[in-house]
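Asker:
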Amino acid sequence: MIKVALMLVFFICCSTGGEIAMTHGMKQVGEPGSFRPLTMLRFIGTAMRNEWIWVALPLLGASFYSLLILLSWAPLSVVIPASAFNYVVGTFGAKYLLRERVSVKRWMGVVMVCVGVALVLLTSTN
Amino acid sequence: MCVVLVMVVCANIGDLMLKLGMVQIGAVHISVSGVWRALLSTIHNGTIWLGILFLIGFTLTYMTAVSWADYSYVMPVGAFGYAIQTMLAVVVLREAVTAQRWVGVVLIVTGVLLVGQTHPSTTSTKPVMS
Numbered sequence: 001m002i003k004v005a006l007m008l009v010f011f012i013c014c015s016t017g018g019e020i021a022m023t024h025g026m027k028q029v030g031e032p033g034s035f036r037p038l039t040m041l042r043f044i045g046t047a048m049r050n051e052w053i054w055v056a057l058p059l060l061g062a063s064f065y066s067l068l069i070l071l072s073w074a075p076l077s078v079v080i081p082a083s084a085f086n087y088v089v090g091t092f093g094a095k096y097l098l099r100e101r102v103s104v105k106r107w108m109g110v111v112m113v114c115v116g117v118a119l120v121l122l123t124s125t126n
Numbered sequence: 127m128c129v130v131l132v133m134v135v136c137a138n139i140g141d142l143m144l145k146l147g148m149v150q151i152g153a154v155h156i157s158v159s160g161v162w163r164a165l166l167s168t169i170h171n172g173t174i175w176l177g178i179l180f181l182i183g184f185t186l187t188y189m190t191a192v193s194w195a196d197y198s199y200v201m202p203v204g205a206f207g208y209a210i211q212t213m214l215a216v217v218v219l220r221e222a223v224t225a226q227r228w229v230g231v232v233l234i235v236t237g238v239l240l241v242g243q244t245h246p247s248t249t250s251t252k253p254v255m256s
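So the protein lines, in turn, are chains Y and A. Quick note on our numbering: the first sequence kicks off at 1 and runs consecutively. Quick note on our numbering: the second sequence kicks off at 127 and runs consecutively.
1. Chain A partners of Y:ALA84, CB-CB under 8 Å?
2. Among the residues of its own chain, which have a CB less than 6 Å from the CB of Y:MET22, if the five just before and after it don't count?
3. For the stretch 199-250 of chain A, which segments carrying the alpha helix (DSSP H) assignment without a break, of at least 4 residues, lie completely within its bounds, in sequence order?
4. Identify the contact partners of A:LEU142 in chain Y, using a Cβ-Cβ distance below 9 Å as the criterion.
5. Classify Y:SER103 as helix, strand or coil using the three-state DSSP reduction.
6. Can you name the residues of chain Y whose CB is closer than 8 Å to the CB of A:GLY183?
7. I want to verify the contact list: residues of chain Y whose CB lies under 7 Å from the CB of A:GLY152, in sequence order.
8. Short check: CB of Y:THR39 to CB of Y:GLY33, under 8 Å?
9. What are the complete alpha helix (DSSP H) segments, minimum 4 residues, inside the stretch 42-84 of chain Y?
10. Around the Cβ of Y:ARG49, are there at least 16 other Cβ atoms within 10 angstroms (buried) or fewer (exposed)?
11. Residues of the stretch 162-182 of chain A with a CB closer than 8 Å to any CB of chain Y: list them in chain order, please.
12. Using beta carbons (cut-off 8 Å, strictly below), is A:MET201 in contact with chain Y?
13. Quick one: is A:ARG227 buried, meaning 16 or more other Cβ sit within 10 Å of its Cβ, or exposed?
14. Alpha carbon to alpha carbon, how far is Y:ARG42 from A:LEU131? Give it in angstroms, no decimals.
15. Please determine if the stretch 223-240 of chain A and the stretch 204-213 of chain A are in contact, where contact requires at least 3 C-beta pairs separated by less than 8 Å.
16. With DSSP as the reference, label A:ASN171 as helix, strand or coil.
17. Chain A partners of Y:ILE80, CB-CB under 7 Å?
18. Just to confirm, are Y:HIS24 and Y:TRP52 a CB contact at a threshold of 8 Å?
19. Straight-line CA distance for Y:PRO81 to Y:LEU8?
20. Between the Cα of A:MET201 and the Cα atoms of A:ASN138, A:TYR208 and A:LEU239, which residue gives the shortest distance?
21. For A:LEU151 versus A:ALA164, is the C-beta spacing smaller than 8 Å?
22. Closer than 7 Å by beta-carbon distance: list the chain Y residues that pair up with A:VAL223, in chain order.
23. Of all Cβ atoms in chain Y, is any one closer than 8 Å to the Cβ of A:VAL229?
24. Which term fits A:LYS252, buried or exposed, when burial requires 16 or more other beta carbons within 10 angstroms of its beta carbon?
25. Can you tell me the Cβ-Cβ gap for Y:LEU121 and Y:MET26, rounded? I've got them flagged as a contact below 8 Å.
26. What's the C-alpha gap between Y:ALA74 and Y:SER83?
So this is what it looks like as structure tokens:
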């Protein structure tokens, strides 16, 4: 259980860190303007020159590989529900890194996800 | 509605395929050689690639769905995915899911639904970290 929980923390840190870096990078890059192929190519080129995108990509790669490791260790009915812990870390990241406003309702949801993930993880050795 | 249905199918089948692929590969041993061997095995595993294809399908249909429908319409489908996935684990993989785990899954689904009920934008588009 400890091994699964530690890998889950690594997976969540990589995926949330990757998503926050990607969000920050894409906010710097801005909107593509239109979905025409040439505009999109130029948009991808601009995104690829942003250092935050290059922080995000390896983190997202590591998160995918750690998900595969988790799936090799624990049942699907544990790994996928437990991956919802992403929402908890994501909410803290959104509040303290991206300075977003977080409602009381959202904090209640975060507490419910925490309790739910704890219950699911406790059954991972059954 | 059709796009959302395809989105749900792609997400669930994708995760299921990843699990089946990792069952074929076996438990990954945490050491440099163990992780490297597992990485090579995943690259050569067709089931993993099938899972990745389904997950790409999920990303595309998700992007399409949120561009047409409200996020508040699409998001609950993602939340219920945790319950659908647990159901699939029982039916397809014959996993034993205890009542305690089901209670946990229900709490997670409810929690994710609450987290998702937030205004889509609470900040300006101007970056604040730099």
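From the three backbone atoms N, C-alpha and C, an ideal C-beta is built for every residue, glycine too.
Answerer: Based on what the coordinates show:
1. For the purposes of this step, residue 84 of chain Y is taken as the residue at position 84 of the first sequence. The contacting residues are TYR208, ILE234, GLY237 and VAL238.
2. Residue mapping note: residue 22 of chain Y aligns to position 22 of the first sequence, counting from 1. Only ALA56 meet the Cβ criterion.
3. Those alpha helix (DSSP H) runs which fall completely within the stretch 199-250 of chain A and span 4+ residues are 225-242.
4. In the second sequence, counting from the first residue as 1, residue 142 of chain A sits at position 16. Here the neighbours are LEU76.
5. For the purposes of this step, residue 103 of chain Y is taken as residue 103 along the first sequence, with counting starting at 1. Y:SER103 falls in the coil class under three-state DSSP.
6. Within the second sequence, residue 183 of chain A is the residue found at index 57, counting from 1. Result: empty, since nearest Cβ-Cβ is about 16 Å, beyond 8 Å.
7. Indexing the second sequence from 1 puts residue 152 of chain A at position 26. Taking a Cβ-Cβ cut-off of 7 Å, the neighbours of A:GLY152 in chain Y comprise SER72, given in sequence order.
8. Counting from one through the first sequence, the residue named residue 39 of chain Y turns up at place 39. Counting from one through the first sequence, the residue named residue 33 of chain Y turns up at place 33. Going by C-beta atoms, Y:THR39 is nearer than 8 Å to Y:GLY33.
9. 51-73 and 76-82
10. Taking the first residue of the first sequence as 1, we reach residue 49 of chain Y at position 49. Y:ARG49 comes out exposed.
11. ALA164, LEU165, THR168 and ILE174
12. Taking the first residue of the second sequence as position 1, residue 201 of chain A is located at position 75. Not an interface residue.
13. Indexing the second sequence from 1 puts residue 227 of chain A at position 101. By the 10 Å Cβ count, A:ARG227 comes out buried.
14. In the second sequence, the residue the question calls residue 131 of chain A occupies position 5. In the first sequence, the residue the question calls residue 42 of chain Y occupies position 42. When rounded, the distance between both Cα atoms is 33 Å.
15. With a cut-off of 8 Å, the stretch 204-213 of chain A and the stretch 223-240 of chain A count as touching, because enough Cβ pairs lie within range.
16. Start at 1 with the first residue of the second sequence, and residue 171 of chain A comes out as number 45. Coil.
17. Your numbering for residue 80 of chain Y matches position 80 in the first sequence. Going along chain A in sequence order, the residues near Y:ILE80 (Cβ under 7 Å) are ASP141, TYR208 and GLN211.
18. The count along the first sequence starts at 1 and reaches residue 24 of chain Y at position 24. The count along the first sequence starts at 1 and reaches residue 52 of chain Y at position 52. Yes, the Cβ-Cβ distance between Y:HIS24 and Y:TRP52 is below 8 Å.
19. For the purposes of this step, residue 81 of chain Y is taken as residue 81 along the first sequence, with counting starting at 1. For the purposes of this step, residue 8 of chain Y is taken as residue 8 along the first sequence, with counting starting at 1. Distance between the alpha carbons of Y:PRO81 and Y:LEU8: 11 Å.
20. The sequence position of residue 201 of chain A within the second sequence is 75, counting from 1. Out of A:ASN138, A:TYR208 and A:LEU239, A:LEU239 has the C-alpha closest to the C-alpha of A:MET201.
21. What you label residue 151 of chain A is simply residue 25 of the second sequence in a count that begins at 1. What you label residue 164 of chain A is simply residue 38 of the second sequence in a count that begins at 1. Inspection of the sequence shows that residue 151 of chain A is occupied by Ile rather than by Leu. Judged by beta-carbon spacing, A:ALA164 lies within the 8 Å limit of A:ILE151, meaning their Cβ atoms are closer than that value.
22. In the second sequence, residue 223 of chain A corresponds to position 97, counting from 1. Per Cβ cutoff of 7 Å: SER77.
23. For this step, residue 229 of chain A is matched to residue 103 along the second sequence. Yes, A:VAL229 counts as interfacial toward chain Y.
24. Position 126 of the second sequence, counting from 1, holds the residue named residue 252 of chain A. Below a pLDDT of 50, predicted positions are generally treated as unreliable, and A:LYS252, at 45, falls in that range; the measurement from the model is reported next regardless. Answer is exposed; the Cβ neighbour count stays below 16.
25. Here the question's residue 121 of chain Y lines up with position 121 in the first sequence. Here the question's residue 26 of chain Y lines up with position 26 in the first sequence. Contact doesn't hold; Cβ gap of about 32 Å is too wide.
26. For the purposes of this step, residue 74 of chain Y is identified with residue 74 of the first sequence, where counting begins at 1. For the purposes of this step, residue 83 of chain Y is identified with residue 83 of the first sequence, where counting begins at 1. Their Cα atoms are separated by approximately 12 Å.
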